[in-house]
Amino acid sequence: MKPAEALKNAYILVTGGAGYIGSHTLVELSSAGYDFVVYDNLCNSSQEALKRVSKIINKDVKFEQGDIRDKKALQNVFEKYNIDSVVHFAGLKAVGESVIKPLEYYDNNVNGTLVLLSVMKEHNCKKIVFSSSATVYNEVTTKNYIPLKEDSPTGATTNPYGRTKQFIEEILQDFYISELDFKVVTLRYFNPVGAHESGTIGEDPNGVPNNLMPFIAQTAVGKREYLSVFGGDYDTYDGTGVRDYIHVVDLANAHVKALKYISSANFNIKNATLNIGTGQGNSVLSMIKAFEKVSNKKVLYKIVKRREGDIAKCFADASLAKEVLGWQATKNIETMCKDSWKWQSNNPKGYET
Ligand code: NAD
Ligand code: WQD
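Pasting the structure below:
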């Protein structure tokens, strides 16, 4: 008997499932009753995250280590398991690094997705939920179309990472047109922050964090001396950059809703690209204040010059996701900061023991 027949349950393949957003999504998939298998090369994550997910869900996590660019290895996974749908997180995500290593980013993200799609096609797997980003809305769009709607202009992104997301969105649209019954849901995440309420899984960046929340958390825990606030002269309510921060567990739940939608009779390509944000814009200084309040720690900061490529404001009109998926964010800034702090203070070295 072929292994696929032996394992007759339908599985969700979660590429990049050991990462920050992936690991939280596993927990929500499990509580919604989905069986899944994680496929990850662990280039930016650790198997410890999966062990901890396993503890939260009280169940073993099926894990296959491999690279999405490795066609043979992916084919083996599709042979071994009956894959119903794919949730595709795997990719490199550091904006600055992508400027220095563009070929690695195009190869990993774009080429990796092409290999994945070709293996899905071979195995008649026709449903994918893709991790895109608000970064596809360019600088001009964020000036003229706030709050951002899904039909606001995209493209002309300022860095190779952003372009990989834009290209993949377009590749998925072309593939959708060419393949009978192929279905795609593209989720454009705004700024994911926070951690699971258990404090056992969370964001564990390598080296000095690029993103605001892990930097604030590491400053509060004493790992960094102070936070550099990039720019105090933006046209925003307090002069610092405004973003749409979204709790990672809310974001994880959007994937569960997207999987339900993609298999439903209501699926409609026109409504298959969705903003996943709260619709609220918060400044850097508001985030510092909220973090200080929940952690009872001082977060020292200095206002320095603007970071190149940054924009003043970016926040979503998230009404389409509510209408189409029945999804909306439920967790506020205090909860985001509280859960980040629980993760950071319980695990000052992240997953490293
Ligand atoms: P992450 O780095 O924590 O997770 C990505 C995972 O993919 C990691 O476990 C990594 O080991 C794995 N991976 C990378 N390349 C791979 C490859 N070639 N083959 C197999 N596995 C590979 O990142 P995250 O924050 O969880 O982001 C998940 C997805 O969401 C990414 O596609 C990212 O671009 C996108 N996204 C993230 C954010 C954010 O701010 N975190 C915002 C918007 C979109
Ligand atoms: C948020 C705000 C900074 C760090 C990036 C990617 C985007 C998406 C999410 C993947 C801004 C300010 C930050 C610091 C600061 N990722 N800041 N001091 O830039 O909105 O988005 O992550 O798709 O593609 O570009 O997020 O967390 O870096 O910054 O003052 O040390 O915090 O200027 O206003 P960003 P961020």
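Take the position in the sequence shown, starting the count at 1, then add 11; the result is the number in this note's numbering.
Where a beta carbon is used, it is the ideal one built from N, C-alpha and C, also for glycine.
Quick caveat, the model's predicted, so the values are computed rather than measured.
- Beta-bridge pairing by DSSP links Thr251 to no other residue.
- Residues of the same chain with a CB within less than 7 Å of the CB of Ile314, apart from the 5 flanking positions on each side, are Val240 and Gly243 in chain order.
- For the pair of segments examined, the stretch 205-219 was found not to touch the stretch 286-305: the number of CB pairs separated by less than 8 Å stays below three.
- In summary, Glu214 is buried, with 16 or more beta-carbon neighbours lying within 10 Å of its beta-carbon over all protein chains present.
- Under the three-state reduction of DSSP output, Pro113 falls in the helix class.
- In the displayed model, Pro203 falls within a strand according to three-state DSSP.
- In the three-state DSSP reduction, Thr289 falls in the coil class, being neither helix nor strand.
- With 16 or more other CB atoms across the displayed protein chains lying within 10 angstroms of its CB, Leu37 is buried.
- Distances from the CB of Tyr22 to the heavy atoms of the ligand WQD are all 8 Å or more.
- Counting the other CB atoms within 10 Å of its CB gives Glu180 a total of 16 or more, which places it among the buried residues.
- For Ser163, the CB contacts under 7 Å within the same chain, skipping 5 residues up- and downstream, are Tyr148, Thr152 and Tyr156 in chain order.
- Excluding the 5 residues flanking it on each side, Ile322 has same chain C-beta neighbours closer than 7 Å at Glu150 and Thr153, in chain order.
- Asn93 sits in a strand when the DSSP states are folded into three classes.
- Around the beta carbon of Ala21, fewer than 16 other beta carbons sit within 10 angstroms, so the residue counts as exposed.
- Going by C-alpha positions, Tyr256 is about 14 Å away from Ile32.
- Here Asp192 has Lys137 as same chain residues with Cβ atoms under 7 Å from its own Cβ, once five neighbours each way along the sequence are excluded.
- By the neighbour-count criterion, in which 16 or more other beta carbons inside 10 Å mark a residue as buried, Lys342 falls on the buried side.
- About 40 Å separates the CB atoms of Lys234 and Gly337; that is not less than 8 Å, and the two are not in contact.
- For Tyr22, the uninterrupted beta strand (DSSP E) run begins and ends at Ala21 to Thr26, by DSSP.
- Runs of the alpha helix (DSSP H) lying entirely within the stretch 148-220, each at least 4 residues long, are 150-155 and 171-189 in chain order.
- By the neighbour-count criterion, in which a residue is buried when 16 or more other Cβ atoms sit within 10 angstroms of its Cβ, Asn69 is exposed.
- Sixteen is the threshold: when 16 or more other Cβ atoms of the shown chains lie within 10 Å of the Cβ of Asn264, as they do, the residue is buried.
- Within the stretch 53-89, the runs of beta strand (DSSP E) that reach at least 3 residues and sit entirely inside it are, in chain order, 73-76.
- Checking the 8 Å criterion, the Cβ of Leu103 is within range of a heavy atom belonging to the ligand NAD.
- Judged by DSSP in its simplified three-state form, Lys324 adopts strand.
- Contact between the stretch 105-115 and the stretch 69-84 is absent: fewer than three C-beta pairs spanning the two stretches fall below 8 Å.
- When distances are taken from the beta-carbon of Asn343 to the heavy atoms of the ligand NAD, even the shortest one reaches 8 Å or more.
- In this structure, Ser239 has its beta carbon less than 8 Å from a heavy atom of the ligand WQD.
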